[in-house]
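J.:
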Amino acid sequence: MLAAVAVVPRGAYARPVAGAGPGRRPTKFLQIFVSGGLDSLFLVDPKSRDEVKPRIAPVYTAQQLVESNGMRLAPNCRPLEPYLSRVSVINGILSGTVGHATGAVQTLQLRRNIRSSSDATIATLVGQALEPESPIHAFCLGRAESLWRPTAGRVVYDEFPSYELLKRFTSVVNDTHDDLGEHVIQQVEGLYRDARTREAATPVRALLQRLKGKVVPPPAVFDSSSIVFSPNLRDPSISDAAIAAFRAKGDRTLMESFQWALFLLKNNIAPSVWMSSGSYFNWDTHQQNNGRQDVNTAHLMLGLRWFLDQLAASPGTGGRTLLDEVGIVISSEIGRFPYLNAQEGKDHFPQVSAILIGPGLRAGQFGQTDAELIGLPVNLRTGRPGGSSDTILTLDDVGRTVLEWVGARAPRESGYDGRVMDFCFA
Amino acid sequence: MPVISLAEVDNVLGTSTLPPPQLPTTEASSVAQYRQFIRARLAEPLFVETLAKELLPFVVQRPIMPRALVQGKTRDGRAFYYRSIPCPSSQLTSVRPWWDLTTSVLICRDEYRPTVLYSSDHTTECTSPTSPTFGCGCGPFLLFCARDAKQKAVLDAAVYEEVLLTLKHVIDTRRPLSDLLTMNETVRSGYGDFYYARTEFLLHGDPAVLAIRLDAPPTLKPRPPQYGGGLLSMPGLLYADSARRVIMMLLWSDLLCLPFRSVNVEPHVLIDAARDKPALRSESHEELTVTPGCQNCHSRLEYGLRAFAGWSFGQIGTSYDPKRTVASTRFYGADHTDLRDEGPATPAWLGAEFVSQPEFAACMVHKVGELVFEGEPVPGALSRYLRAEFARTQDLATLVEDTLIARTFGLATLSRGTASN
Chain Y
7 MLAAVAVVPR GAYARPVAGA GPGRRPTKFL QIFVSGGLDS LFLVDPKSRD EVKPRIAPVY
67 TAQQLVESNG MRLAPNCRPL EPYLSRVSVI NGILSGTVGH ATGAVQTLQL RRNIRSSSDA
127 TIATLVGQAL EPESPIHAFC LGRAESLWRP TAGRVVYDEF PSYELLKRFT SVVNDTHDDL
187 GEHVIQQVEG LYRDARTREA ATPVRALLQR LKGKVVPPPA VFDSSSIVFS PNLRDPSISD
247 AAIAAFRAKG DRTLMESFQW ALFLLKNNIA PSVWMSSGSY FNWDTHQQNN GRQDVNTAHL
307 MLGLRWFLDQ LAASPGTGGR TLLDEVGIVI SSEIGRFPYL NAQEGKDHFP QVSAILIGPG
367 LRAGQFGQTD AELIGLPVNL RTGRPGGSSD TILTLDDVGR TVLEWVGARA PRESGYDGRV
427 MDFCFA
Chain A
55 MPVISLAEVD NVLGTSTLPP PQLPTTEASS VAQYRQFIRA RLAEPLFVET LAKELLPFVV
115 QRPIMPRALV QGKTRDGRAF YYRSIPCPSS QLTSVRPWWD LTTSVLICRD EYRPTVLYSS
175 DHTTECTSPT SPTFGCGCGP FLLFCARDAK QKAVLDAAVY EEVLLTLKHV IDTRRPLSDL
235 LTMNETVRSG YGDFYYARTE FLLHGDPAVL AIRLDAPPTL KPRPPQYGGG LLSMPGLLYA
295 DSARRVIMML LWSDLLCLPF RSVNVEPHVL IDAARDKPAL RSESHEELTV TPGCQNCHSR
355 LEYGLRAFAG WSFGQIGTSY DPKRTVASTR FYGADHTDLR DEGPATPAWL GAEFVSQPEF
415 AACMVHKVGE LVFEGEPVPG ALSRYLRAEF ARTQDLATLV EDTLIARTFG LATLSRGTAS
475 N
């Protein structure tokens, strides 16, 4: 039920211009938290029958896979095809936990060595690095299970998703008055407090200034079902019942988060955004894993495609589009156990995949898993098995690499002591 | 002069929608006036709700999810219910529903299933949102279903209400906060009684226990003897998640501020342990308390779960079977190297252990400090003072009051002898 807005600089980071990392860096950032546990077989680590042990499913034929830029992806990734030159996939990342809550805190911070669940999230740290003076470093969109309340330095809790709060802000700013008089500010501060938020007035005023004149997007209406289940995309294994369930469930939460993320980034309200993929129950597939993960991943990819299309159509700076400016990280707090349980579900697994999208990346699929989906050691220079210094990739490496990607200064001082995965960078 | 106004105090306490304070002056400035105002506000349900979300966030995390029935057209002059799809008349069966045992209703046979209380492989109760696929129905007397969405909402609310009102009782009566985790009795309504009655029925099979006055207002009343440990055995916790280790983890995290950290659960270790055990998740895994990479968390989780061995956890309902209980357990603090105590495996003992740990007082003081100072750093001297006082008294109302006064007027105000008494 809680959502958070991280607003306070804590030792602002200056952006370095040289050093390790990519040639071009994102200037905006989105973290998508697939809350509940993504089954990588359905997305970025597909396998054929002869690549995995018996009883591990799903498996694909060569014809079903999406192959591009040296990547081999599951059919549900097909909507991303136009953008695969900007995508870097990392498989076999050791997260080291099979607990949702532990994993969620780890994912929020993108590291394993959690010192406190109250420490800044990666979204906040990235926001601080990208725009130190921004009054709002990171927005949290969508409901985070209160188990996993996102925390980031001084935290603002509210009763509903932040986009509801934003709607109220923008309503006051846009509808009530022509200018931001003291009266409006007081009203909004009141709203903020009514929502049991806990922040000083200054960032609220700064936020209002940034929101002034912005058009609030209408409620998202995005019927992806017709696309998901179009003849050329539909996997025959998806049952009619699963399709009916998908349509009945709708995709409002996910699409609304994508829509608000776009609004925030496009209008420079905050440099960094965190969003949830939707209900944790949808993704925590201890029962009927294959049907549910199939629908969920298809849904997520279609939402992502919509978001990337919008970025590509939105002007950025220097004649570029927002697509050249936004860095995206997608991951789950846990993976799914390779074998089905007694309820045709999959339990937890201490290993995840990550998808990075954005400028400065080397397109490709890195990390590798074996016949039981266990991550193999890889060479830190190439990201692939083979070499004298092979090592298992960890979540700490992902966090450190993301901070490197956005140009954060001295990540180690913030406790990010993983290794930089240079192979991700162009 | 006070550094925060009474209106700001209201914001902190979540009571800003209440009418303005009735004080001698509209601009209160003395410690005594602030104390008077704060004490009045601490008696408000809105404040208790604010505090509960700060101190006990796990109890507000999940819906209970009894399934709501849909009432179809009356058949043969009797109410007819179904869950998803109406069935032909030939498949209807007559049942006395728990919400009115003096009458009978019609329900589709496949949605009744009074004998199916577990999933088909007997590994979990009928707990999952997808449980219809396991063959679970509404159960005897339709105990696992609500009559309609409205009744489901009332049932859900009753669980949360029990936690809030019991916390409010502890605050109002100045009982030590430790009682919240050790007492048997709770404050609950008739709908709150329903959950206990259902468990008693499943235990003893006597339908008489289901004759509850559902519209009874909330009062402080005892529970069956197995329900020790106050909050620990309230439905709000027992029903919070069918993944019982999640609940255990939250206890350490939220009551002691001791987070669980992954050390290194290796994929191959897990594969070797579970490859051929499809029911692994629902089983006890005391071997993990000594397994490297697992033991730092599971020493707390598995021994903590021993206190609840008699219960089955679940989001729709739990049952209690004394034959499943075990004799003894242990209490670990930060990790597997930190054994604090050994004792009887009951919720009451576990609750007493939690509140006797030094981390409990420190954690509560920390959370109240976060609430009152709105995320700003709490002065170290004040924290030390409050920790010492709260460890001695466990008086939650005084803790909040003193923290607010110290923020408003400074620590010296407390140490000069004007602390609450």
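These protein sequences, in sequence, are chains Y and A.
Here this note's numbering is used: the first residue of the first sequence is 7, the next is one more, and so on.
Here this note's numbering is used: the first residue of the second sequence is 55, the next is one more, and so on.
Virtual Cβ for every residue (Gly too), placed ideally from N, Cα, C.
1. Looking only at C-alpha atoms, which of A/385, A/121 and A/150 sits nearest to residue 132 of chain A?
2. Round the Cβ separation of residue 421 of chain Y and residue 121 of chain Y to the nearest angstrom and send it over; I've been treating them as touching at under 8 Å.
3. Using DSSP with H/G/I as helix, E/B as strand and the rest coil, what is residue 156 of chain A?
4. Could you list which residues in chain A have their beta carbon closer than 9 Å to that of residue 118 of chain Y, in chain order?
5. Taking CB distances under 7 Å as the criterion, tell me whether residue 12 of chain Y reaches chain A.
6. For residue 115 of chain Y, which of Y/131, Y/103, Y/105 and Y/104 has the nearest alpha-carbon?
7. Any heavy atom of the ligand MN closer than 6 Å to the beta-carbon of residue 378 of chain Y?
8. Less than 7 Å separating the beta-carbons of residue 231 of chain A and residue 284 of chain A?
9. Mind checking residue 352 of chain Y: buried by the 16 CB within 10 Å criterion, or exposed?
10. Is residue 55 of chain Y buried or exposed, if buried means 16 or more other CB atoms sit within 10 Å of its CB?
11. So the beta strand (DSSP E) residue 403 of chain A belongs to, where does it begin and stop?
12. As a quick exercise: from Y/263, Y/74 and Y/67, pick the residue whose alpha carbon is nearest that of residue 39 of chain Y.
13. Determine the chain Y residues that contact residue 303 of chain A at a beta-carbon separation under 8 Å, and present them in chain order.
14. For chain A, find out if any of its Cβ atoms is closer than 7 Å to the Cβ of residue 102 of chain Y; answer yes or no.
15. Is any beta-carbon of chain A found at less than 7 Å from that of residue 52 of chain Y?
16. Just the chain Y side, please: which residues come within less than 8 Å of residue 300 of chain A by C-beta, in chain order?
17. With 7 Å as the threshold, decide whether the Cβ of residue 345 of chain Y is near any Cβ in chain A.
18. Go ahead and pull the three-state DSSP assignment for residue 157 of chain Y.
19. Does any C-beta atom of chain Y lie closer than 7 Å to the C-beta of residue 95 of chain A?
20. Closer than 7 Å, CB to CB, is residue 356 of chain Y near chain A or not?
21. Below 8 Å between beta carbons is the criterion; list the residues of the region 370–392 of chain Y that meet it against any residue of chain A, in chain order.
22. Return helix, strand or coil for residue 146 of chain A, following the three-state DSSP convention.
23. Could you give the distance in angstroms between the alpha-carbon of residue 335 of chain Y and the alpha-carbon of residue 414 of chain Y?
24. Compile a chain-ordered list of the residues in the region 300–311 of chain Y whose CB is closer than 8 Å to at least one CB of chain A.
25. My output table needs one value for residue 237 of chain A: the three-state DSSP class, helix, strand or coil.
26. State the start and end residues of the unbroken beta strand (DSSP E) segment that holds residue 397 of chain A.
27. Does residue 91 of chain Y pass the burial test, meaning 16 or more other C-beta atoms within 10 Å, or should it be called exposed?
28. May I ask which residues mark the beginning and end of the beta strand (DSSP E) holding residue 91 of chain A?
29. Alpha carbon to alpha carbon, how far is residue 320 of chain A from residue 363 of chain A? Give it in angstroms, no decimals.
30. Shorter than 7 Å from the beta carbon of residue 266 of chain A to some beta carbon of chain Y?
31. For residue 112 of chain Y, which residues in chain A fall below 9 Å Cβ to Cβ?
32. Counting only Cβ pairs nearer than 8 Å, list the residues of chain A close to residue 122 of chain Y.
33. Could you confirm whether any beta carbon from chain Y is found closer than 7 Å to the beta carbon of residue 325 of chain A?
34. Check the Cβ-Cβ distances between residue 329 of chain A and every residue of chain Y, and say whether any is below 7 Å.
35. Helix, strand or coil for residue 355 of chain Y per DSSP?
36. Take residue 366 of chain A as the anchor and find which of A/387, A/423, A/208 and A/301 has the nearest alpha-carbon.
T.: With the given structure in hand:
1. A/150
2. 6 Å
3. coil
4. 315, 316, 317 and 318
5. Model confidence at residue 12 of chain Y stands at a pLDDT of 39, short of 50, so the residue's coordinates are unreliable; what they give is reported in the following sentence. Residue 12 of chain Y does not count as touching chain A.
6. Y/131
7. As presented, the structure is devoid of all ligands, the ligand MN included, so that no description of it is given.
8. no
9. buried
10. exposed
11. It is not in any beta strand (DSSP E) - residue 403 of chain A instead sits in the alpha helix (DSSP H) that spans 401–410.
12. Y/263
13. 105, 107 and 108
14. yes
15. no
16. 105, 106, 107 and 153
17. yes
18. Any reading at residue 157 of chain Y must be qualified, since the residue scores a pLDDT of 37, below 50, and its modelled position is unreliable; no value is offered.
19. no
20. yes
21. 378, 379, 380 and 381
22. strand
23. 16 Å
24. none
25. coil
26. 393–398
27. exposed
28. Element bounds for residue 91 of chain A: not the beta strand (DSSP E) but the alpha helix (DSSP H), 85–96.
29. 28 Å
30. no
31. 315 and 316
32. 313
33. yes
34. yes
35. strand
36. A/301
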